[in-house]
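Asker:
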Amino acid sequence: MKFRKVKQVLIVSALVCSMSAVPVYAAPEGSIDSLEDEQSELKDQKNDAQDELNSLQTQLETLLSKVAELEDKLISTGQKISQAKDDLVVAEEKRQDQYDSMKLRIKYMYESGGDTAALEKVLTSGDITSMLTQAEYSQQVHNYDRAQLKEYADTVQEIQDLEDTLETEMTDLQALEADYQEQQDELNTTIASKQDEISNLDGMIQEAARKIVAERQRQEEEARQQQEAASNDSNGGEQDNAPADSPQTSAPSQDVQTPSEDNGGGDDSYEEPAQDTGGGSEPSYDSSSGNAAVDRAMSKQGLPYAWGEAGPDSFDCSGLVSYALTGSYVHTWTTYDFMSWPRVSDPQPGDVCTTSTHCGLYIGGGMMVHAPHSGDVVKVSPVQSGMIYVRRP
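Going left to right, the sequence shown walks through residues -26 to -1, 1 to 367 as mature numbering (1 follows the signal peptide of the UniProt record, and there is no 0) numbers them.
(1) What does DSSP give as the partner residues of Arg317 in its beta bridges?
(2) Quick one, are the C-beta atoms of Gly293 and Val351 less than 8 Å apart?
(3) Determine the burial state of Ile49: buried for a count of at least 16 other Cβ atoms within 10 Å of its Cβ, exposed for fewer.
(4) Would the beta-carbon of Thr331 fall within 8 Å of that of Thr309?
(5) Measure the C-alpha to C-alpha separation of Val268 and Leu38 and round it to an integer number of angstroms.
(6) Using CA coordinates, which residue listed in Ile362, Tyr363, Pro356 is at the minimum distance from Lys14?
(7) At the level of alpha carbons, what is the spacing between Ser348 and Glu283?
(8) Specify whether the stretch 67 to 78 and the stretch 125 to 138 touch according to this definition: at least 3 beta carbon pairs, one from each stretch, less than 8 Å apart.
(9) Tyr279 by DSSP, collapsed to three states: which one?
(10) In the DSSP assignment, the beta strand (DSSP E) including Tyr336 goes from what residue to what residue?
(11) If the criterion is Cβ atoms closer than 8 Å, does the pair Leu150 and Gln33 meet it?
(12) To the nearest whole angstrom, what separates the beta carbons of Leu335 and Ala280, a pair I think is in contact under 8 Å?
(13) Just the C-alpha distance for Pro286 and Ala271, rounded to the nearest angstrom, thanks.
(14) Assuming Ile179 contacts Lys40 under a Cβ cut-off of 8 Å, what Cβ separation, rounded to an integer in Å, is found between them?
(15) If you compare alpha carbons, which of Pro316, Ser288, Arg317, Trp315 is closest to His303?
(16) Quick one: what's Lys353 bridged to in DSSP?
(17) What does DSSP give as the partner residues of Thr328 in its beta bridges?
(18) Which word fits Asp153, buried or exposed, when buried means at least 16 other C-beta atoms lie within 10 angstroms of its C-beta?
(19) Whole angstroms are fine: how far does the CA of Ala121 sit from the CA of residue 373?
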């Protein structure tokens, strides 16, 4: 009897030790920590790349503003050049008209008021005063003609100088336009490259998140199997003890149970995880937790973005969230509606992350499923900075 009692005590002690050692058998958290560190580093890289992209886009906007101003100057200068050419034609015509008129007057005065004719008039009329008056008048006309001709010639020269200046300015503006175009092409190329970099980082972040989820599931499954094995060993040990107990050994049996209770063990503590594991083989959807909404939204990954659509073959951002929350292919809400919903500081899967211009369905771990923009598809991405978390009222 004493030997049997000692044997039972040893068996129970071994079971207690095995149960208390179960947490040690779980896979270490180091791999998850490293994956989370990797994900955090990728997010930092993405934030840096996004900052650079924002700076590049600001530079492009500034350059486009300069290009718009330059185009206005080119148009204005072109109009001035065209007007200068028209003015030059008019000025040259006036100068030529004045020159032709002056030649006619000179010819007339020469023919009718030459020295011989003047002398004859003096001799015949004896009126030298009239002759002097006519000579003075002729000189005045001659001076007027010369002044007008000079004025028109100066005007022509000024217009020609203005035209030359405008032509030079136009050449400089066109050279600046070419320079701006080159800068714009370089910025567009750099922006496209930076967008590809961000897209690539998004993919890497999603892959890191997938690995974290997979590692956690692996560790949980490993822990479950170990707990199940420990529970089976516990049940097997008790079955082995049962034949050894006899009615007259009830006191030793009580001694056997006491150590197990003191260590928090017992049949219930091992059967319960097994039951939980069995129930976990099927997804349990609870409308308050958002699991059903997440499942619906995740099932639409890969479908294309289309503005104003709420399924079933394409979605925009609010259309996808509306479908996920209601299960109906109806555009029930917009981002403006979501912005008025109650905010939450402890977001749960199924909550909505939103700004006034974009939204997605939170799935946990800092990630959301959303329909990004035209040309993209429904996918999982990190929650964007500036988004708030709201919950359906």
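Don't be surprised by glycine CBs; every beta carbon is placed ideally from N, CA and C. This structure is a prediction, so every number in the text was calculated from the model and none was measured.
Answerer: Reading from the atomic positions:
(1) Val364, per the DSSP bridge assignment.
(2) In this structure, the beta-carbon distance from Gly293 to Val351 does not fall below 8 Å.
(3) Here Ile49 is exposed: its Cβ has fewer than 16 other Cβ atoms, across all protein chains shown, within 10 Å.
(4) yes
(5) 42 Å
(6) The residue asked about is misnamed: residue 14 is Ser in this sequence, not Lys. Ranking the options by Cα distance to Ser14, first place goes to Pro356.
(7) Between Ser348 and Glu283, the C-alpha separation is close to 12 Å.
(8) yes
(9) strand
(10) 333 to 338
(11) Cβ distance not < 8 Å, so Leu150 and Gln33 don't count as in contact.
(12) Contact check for Leu335 and Ala280: beta-carbon distance about 18 Å, past the 8 Å limit, so the pair fails to qualify.
(13) 11 Å
(14) Ile179 to Lys40, Cβ: 36 Å. No contact.
(15) First, the residue type needs correcting, since residue 303 is Tyr and not His in the sequence shown. For Tyr303, the nearest C-alpha among the options comes from Ser288.
(16) His344
(17) Cys333, Ile362
(18) Exposed, because fewer than 16 other Cβ atoms sit within 10 Å of the Cβ of Asp153.
(19) The question about residue 373 has no answer here: the residues shown for the chain are numbered -26 through 367.
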